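Chains as they are written, first to last, in my numbering: chain A, 772 to 1249; chain B, 772 to 1249.
For each residue, glycine too, the CB sits at the ideal point set by N, CA and C.
Small disclaimer: the values here were computed from a predicted structure and weren't measured.
A quick write-up on the structure given underneath.
Number of protein chains: 2
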Amino acid sequence: MDFVKEITSKEQNFAQWYIDVVRKAELADYTTIKGCMVIRPYGYGLWENMQKGLDERIKKTGHKNAYFPLFIPEHLLKKEAEHVEGFAPEVAWVTQGGSQQLEEKMAVRPTSEAIICSLYSKWIRSYRDLPLLINQWANIVRWEKTTRLFLRTTEFLWQEGHTVHKTEEDAQEETLKILFEVYRDYIENDLAIPVVVGKKTSKERFAGALNTYTLEALMTDGKVLQAGTSHNLGQNFAKAFNIKYLDEDQTEKYAWQTSWGTTTRLIGAIVMVHGDDRGLRLPPKVAPVQLIIVPIMFDKTKDEVLNKAEQLIKILGKDVRVEIDARDEYKPGWKFNEWEMRGVPLRLEIGPRDMKKGQVVLVRRDTGEKVIVKEEDLKNKVQVLLTEIQENLYNLAKKFLDTNIREIADYEEFQEVIEEKKGMIKAFWCGNRACEDKVKEETKATIRCIPFEEENALGKCIYCGKETSTKVYFARAY
Amino acid sequence: MDFVKEITSKEQNFAQWYIDVVRKAELADYTTIKGCMVIRPYGYGLWENMQKGLDERIKKTGHKNAYFPLFIPEHLLKKEAEHVEGFAPEVAWVTQGGSQQLEEKMAVRPTSEAIICSLYSKWIRSYRDLPLLINQWANIVRWEKTTRLFLRTTEFLWQEGHTVHKTEEDAQEETLKILFEVYRDYIENDLAIPVVVGKKTSKERFAGALNTYTLEALMTDGKVLQAGTSHNLGQNFAKAFNIKYLDEDQTEKYAWQTSWGTTTRLIGAIVMVHGDDRGLRLPPKVAPVQLIIVPIMFDKTKDEVLNKAEQLIKILGKDVRVEIDARDEYKPGWKFNEWEMRGVPLRLEIGPRDMKKGQVVLVRRDTGEKVIVKEEDLKNKVQVLLTEIQENLYNLAKKFLDTNIREIADYEEFQEVIEEKKGMIKAFWCGNRACEDKVKEETKATIRCIPFEEENALGKCIYCGKETSTKVYFARAY
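See the structure below:
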């Protein structure tokens, strides 16, 4: 029991609880390098499963992976004016190669539009080269002075899609296809995290984009985390980097572009959406270990029980990611806590008495429920339970999200709710940057997105009271 | 035919042939950034298949993946003296973060021993934590002034294993397990490249290692390429970074370590071992496209033929990576050349006449052989042919390697052969660094490795004539 006490309770100190869980479950750790974390094998195993699900969706929608240089010469980064202005303050610069000072300093990529566009302008000649649908899995560097494991680090991992299209409509269609078919499908179905989708305000959009669309997820402390973004770049980069194609009508035209990304921050979201005071709760679809076998070992029957455990692994087949915890030095109870803390969806207990009865005990991480299962039903039951756990985690998160979206019309109430209950607030907004800034200044809440659904009602801007038909989502965010 | 002419012939200019093939097949391209390349989707698809095969072997032997920081503070890199001396001349240094000068400059990792060891010293406490078996897939930077696509670039991709063990024997066992069970198995079976394995001389070994073992592959121009290395690090890093464990006997001991890596250079090896004057020839196991369907399209029957092609894809099933080239703007003959140049192992031709007969034409890239196959035999025949092509490519390369390893005892003959025939030369060497240096100076040949097989014969050092029992492999290398 001491063991679980080492995790701070969520209620008491959410930020500390988060760090405790991430470090004790060995998802990640700090390093001596300011702002940089290490993703440990358990965390990286989770990331590999996340990558697999997302990569499949990216490829299924026609994209191929490629790899572009880590370094971006300063003059390239400067080509798109808004872009460099947005990223320059957080760039790490290489100024020295071996013992020589470089003539031009090079940015360690804070995002890859500049380098990728410089190549696209060489590769694209004709309408036949379009659409060009490329994705990259890569490391990214944005200078940070503090480290919040997965949430805010100088280096992180991500995927970034960069596509080129013939028309504005094609680019917009791609932007939304990524938002809905790829990202929302992945985040909701694989990560079991429900999201609110919509458009960013001009203040919050990507530096250099025409429009940024976003998926916003609600953490259990009531703060929101941006789970992914999809940008319609319009022709801004095409004009800055001279990306033109000869169309069927024999005229040269500037192309239309999109870019989109999700990062290892999503690991932080998984922790904060599903975790509880006992530690992680991982969605079965991405859990590195889906089922942990804890054999109940006595000296006399140990070998027998371990043999049985190996048999069970064969029965379960390749479809289940399973491990045996056969360590002698720990008691079963200690192991139960350990694997609960690590968020493994299902625990299987097997001892000599179970063996005699031809049964095993399964315990769900999400509900704590125990089920006794006959060996012959095991394979099927495990599949059913993993599916149920995946759904249950989503449903719990969805319920939490739904009860924490509040429609508010009065600014005082808005301030109270943001301070005390947090969550997302749906409120009217006049569209004015000044009101957006003031709300942020006074409440730390930002506009997370403008939803797609148009509402026909009119109302008053939460800050200035001006009449408007636009409702937006406000929240405090990571 | 013009098309194929655009590739320089191997005979005429091997280096130019290589660049032509890499660029025309769209494996990779130059960028405006000195020393940096871009890996295009076709090349990256190849790399993904290579990664998959190697990653499976790495995991099967008990290793897990993790991710460590890109940046290494200067003081960490300096901890192991030989290590920093070896790598400092090729390090890219970050000196500026945002607008601030850093107090300590940071290396963009040229290899990750320093950062990983600094973390291992925190993580490892007891013998129970060992062995620690971790691998990382990452980008690496070593400053280069020239670019040779895949072969020599400032940035490249690789995997690096870093393991920690209780005893010297355990570390040595791991070093050789990686060399044989993981690397040789992967390179010979997946990439169809036969290798010569052995130990590096002290001159050629990894900076900071006790012993470096290597796999050397012979390119068809007679030069050798180092295909992978596996290092027994001994206790050098453990002592520099204070990696100790409490053993079962309750005493504290320094741990023993290994590290090992293979890189995107292996893509260059695939090109240079298997390619011919028509372009690439890719081993089926790693080819991004294993079978290309070229439909013979006439206006009247086009839809019918395309429907049939789609049916054939279903017949072939998920086990074959297949694409259809349905482009209207190119003739079949042009497409044949294009896909041969891209090295696709099998081409399937289907036209209205074939359809009537219920058959297709299969053409092998390695031999040019045409086979007419009944639709009902297609699935099976494709599997058989892909296996045959994989084996044939290996056998051709093995034969070339075997006929280009020459035992030579006379230094004049050695010089002639290295200059005219190249290949690998097996010769006696006294073990003296001075002779090794002189041979390199006078012939550009280096000692590639000291083979494992002991020979009982004595002979005279190829350079100084001193009697010795050590035979080694010399070659000019990439």
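Between the Cα of residue 1250 of chain A and the Cα atoms of A:1249, A:1247, A:989, A:1224, which residue gives the shortest distance? Nothing can be reported for residue 1250 of chain A: it is not among the residues displayed for chain A, which extend from 772 to 1249.
Near residue 938 of chain B, what residues of its chain come up, given a Cβ to Cβ distance below 8 Å and the 5 sequence neighbours on each side ignored? Along the second sequence, one-based indexing puts residue 938 of chain B at 167. Counting only Cβ-Cβ distances below 8 Å, and skipping sequence neighbours, we find 1027.
Nearest-angstrom Cα distance between residue 1209 of chain B and residue 978 of chain B? In the second sequence, residue 1209 of chain B corresponds to position 438, counting from 1. In the second sequence, residue 978 of chain B corresponds to position 207, counting from 1. About 22 Å.
Selected residue, minimal CA-CA separation from residue 967 of chain B, among B:948, B:1012, B:988: For the purposes of this step, residue 967 of chain B is identified with residue 196 of the second sequence, where counting begins at 1. Checked all of B:948, B:1012, B:988; the closest Cα to residue 967 of chain B is B:988.
Check the DSSP bridge columns for residue 1145 of chain B and list the partner residues they point to. The sequence position of residue 1145 of chain B within the second sequence is 374, counting from 1. DSSP, once it has assigned bridges, lists B:1130 as partnering residue 1145 of chain B.
CB contact below 7 Å: residue 1037 of chain B versus chain A: Position 266 of the second sequence, counting from 1, holds the residue named residue 1037 of chain B. It does not: the Cβ of residue 1037 of chain B has no partner Cβ on chain A nearer than 7 Å.
Short-range partners of chain A found in the segment 859 to 882 of chain B, where Cβ spacing is below 8 Å: 859, 860, 861, 862, 863, 864, 865, 866, 867, 868, 869, 870, 876, 877, 879
Beta carbons nearer than 8 Å to chain A: which residues of the segment 788 to 810 of chain B have them? 800, 802, 803, 804, 807, 808, 809, 810
Listed by chain order, chain B residues near residue 1151 of chain A by CB distance under 7 Å: Counting from one through the first sequence, the residue named residue 1151 of chain A turns up at place 380. Simply none; closest approach about 24 Å.
In chain A, what lies closer than 8 Å to residue 844 of chain B by C-beta? Working through the second sequence from its first residue, we reach residue 844 of chain B at position 73. Under the 8 Å cutoff, chain A gives 803, 804.
Would you mind sorting residue 871 of chain B into buried or exposed? The rule is 16 or more other CB atoms within 10 Å of its CB. As a first step, residue 871 of chain B is located in the second sequence; it is residue number 100 there, counting from the start. By the neighbour-count rule (16 or more Cβ atoms within 10 Å), residue 871 of chain B is not buried but exposed.
Output the distance between the C-alpha atoms of residue 1128 of chain B and residue 1174 of chain B, rounded to the nearest integer angstrom. For the purposes of this step, residue 1128 of chain B is taken as the residue at position 357 of the second sequence. For the purposes of this step, residue 1174 of chain B is taken as the residue at position 403 of the second sequence. If you take the alpha carbons of residue 1128 of chain B and residue 1174 of chain B, they lie about 45 Å apart.
What runs of the alpha helix (DSSP H), each 4 residues or longer, lie entirely inside the segment 1071 to 1113 of chain A? 1073 to 1087, 1103 to 1112
Touch test, the segment 824 to 837 of chain A against the segment 1068 to 1077 of chain A, Cβ-Cβ under 8 Å, three pairs minimum: no
If we define contact as Cβ-Cβ less than 7 Å, is residue 840 of chain B a contact residue for chain A? Your numbering for residue 840 of chain B matches position 69 in the second sequence. Taking Cβ atoms only, chain A reaches closer than 7 Å to residue 840 of chain B, which makes this a yes.
Which same chain residues, not among the five before or five after residue 1055 of chain A, have their C-beta less than 6 Å away from its C-beta? As a working mapping, residue 1055 of chain A is identified with position 284 in the first sequence. Excluding sequence neighbours, residue 1055 of chain A sits near 1061, 1116, 1157, 1160, 1161.
Quick check on this structure: which residue in A:933, A:1152, A:1182 has the alpha carbon closest to the alpha carbon of residue 1004 of chain A? Position 233 of the first sequence, counting from 1, holds the residue named residue 1004 of chain A. Considering only alpha carbons, the answer is A:933.
Can you give me the C-alpha to C-alpha distance between residue 1111 of chain A and residue 1138 of chain A, rounded to a whole angstrom? Position 340 of the first sequence holds residue 1111 of chain A. Position 367 of the first sequence holds residue 1138 of chain A. Answer to the nearest angstrom: the Cα atoms are 11 Å apart.
Any heavy atom of the ligand SAM closer than 6 Å to the Cβ of residue 1227 of chain B? With respect to small molecules bound, the structure shown includes none, and the ligand SAM cannot be examined in it.
What does the alpha-carbon distance come out to for the pair residue 1097 of chain A and residue 984 of chain B? Taking the first residue of the first sequence as 1, we reach residue 1097 of chain A at position 326. Taking the first residue of the second sequence as 1, we reach residue 984 of chain B at position 213. Looking at the two C-alpha atoms, the distance is approximately 34 Å.
Run through chain B and tell me which residues come within less than 9 Å of residue 899 of chain A, C-beta to C-beta. Counting from one through the first sequence, the residue named residue 899 of chain A turns up at place 128. In chain order: 1098, 1100.
Is residue 910 of chain B close to chain A? Criterion is C-beta to C-beta, closer than 7 Å. On the second sequence, position 139 is the one that residue 910 of chain B refers to. So, interface residue.
Taking only beta-carbon positions, decide if residue 926 of chain B is within less than 7 Å of chain A. Here residue 926 of chain B is taken as the residue at index 155 of the second sequence, counted from 1. Output row for residue 926 of chain B: interface = yes.
Would the beta-carbon of residue 840 of chain A fall within 7 Å of that of residue 886 of chain A? Taking the first residue of the first sequence as position 1, residue 840 of chain A is located at position 69. Taking the first residue of the first sequence as position 1, residue 886 of chain A is located at position 115. The answer is yes: Cβ separation under 7 Å.
For residue 790 of chain A and residue 784 of chain A, the rounded distance between their alpha carbons: Counted from its first residue, the first sequence places residue 784 of chain A at position 13. Counted from its first residue, the first sequence places residue 790 of chain A at position 19. Going by the C-alpha atoms only, they are around 10 Å apart.
Own chain, CB closer than 6 Å to residue 867 of chain B, minus 5 neighbours either side, in chain order: If you number the second sequence from 1, residue 867 of chain B lands on position 96. Around residue 867 of chain B: no qualifying Cβ.
How would you write the range of the alpha helix (DSSP H) that residue 936 of chain B sits in, first residue to last? Residue mapping note: residue 936 of chain B aligns to position 165 of the second sequence, counting from 1. That residue, residue 936 of chain B, is in no alpha helix (DSSP H); its beta strand (DSSP E) goes 926 to 936.
Per DSSP, the bridge partner or partners of residue 1031 of chain A: On the first sequence, position 260 is the one that residue 1031 of chain A refers to. Residue 1031 of chain A pairs with A:932, A:1001.
Can you check the segment 1152 to 1202 of chain B for any beta strand (DSSP E) of at least 3 residues that lies completely inside it and give the ranges in chain order? 1176 to 1178, 1195 to 1199
Residues in its own chain within less than 6 Å of residue 1100 of chain A by CB, not counting five upstream and five downstream? For this step, residue 1100 of chain A is matched to residue 329 along the first sequence. Counting only Cβ-Cβ distances below 6 Å, and skipping sequence neighbours, we find nothing.
Per-residue contacts from residue 816 of chain A into chain B (C-beta, under 8 Å): Within the first sequence, residue 816 of chain A is the residue found at index 45, counting from 1. The answer, in chain order, is 835, 836.
Identify every run of the alpha helix (DSSP H) within the segment 852 to 894 of chain B, keeping only runs that are complete inside it and at least 4 residues long; order them along the chain. 852 to 858, 884 to 894
Under a Cβ-count criterion, where at least 16 other Cβ atoms within 10 Å of its own Cβ denotes burial, should residue 1086 of chain B be classed as buried or exposed? Locating residue 1086 of chain B in the second sequence gives position 315, counting from the first residue. That one is exposed.
Using a Cβ-Cβ distance cut-off of 7 Å, determine whether residue 890 of chain A contacts chain B. Walking along the first sequence from the start, residue 890 of chain A turns up at place 119. Taking Cβ atoms only, chain B reaches closer than 7 Å to residue 890 of chain A, which makes this a yes.
When DSSP builds the beta bridges, which residues end up paired with residue 907 of chain A? As a position in the first sequence, residue 907 of chain A is number 136, starting the count at 1. A:931.
Partners in chain B for residue 819 of chain A, counting only beta-carbon separations shorter than 7 Å: Translated into positions along the first sequence, residue 819 of chain A becomes position 48. The answer, in chain order, is 836.
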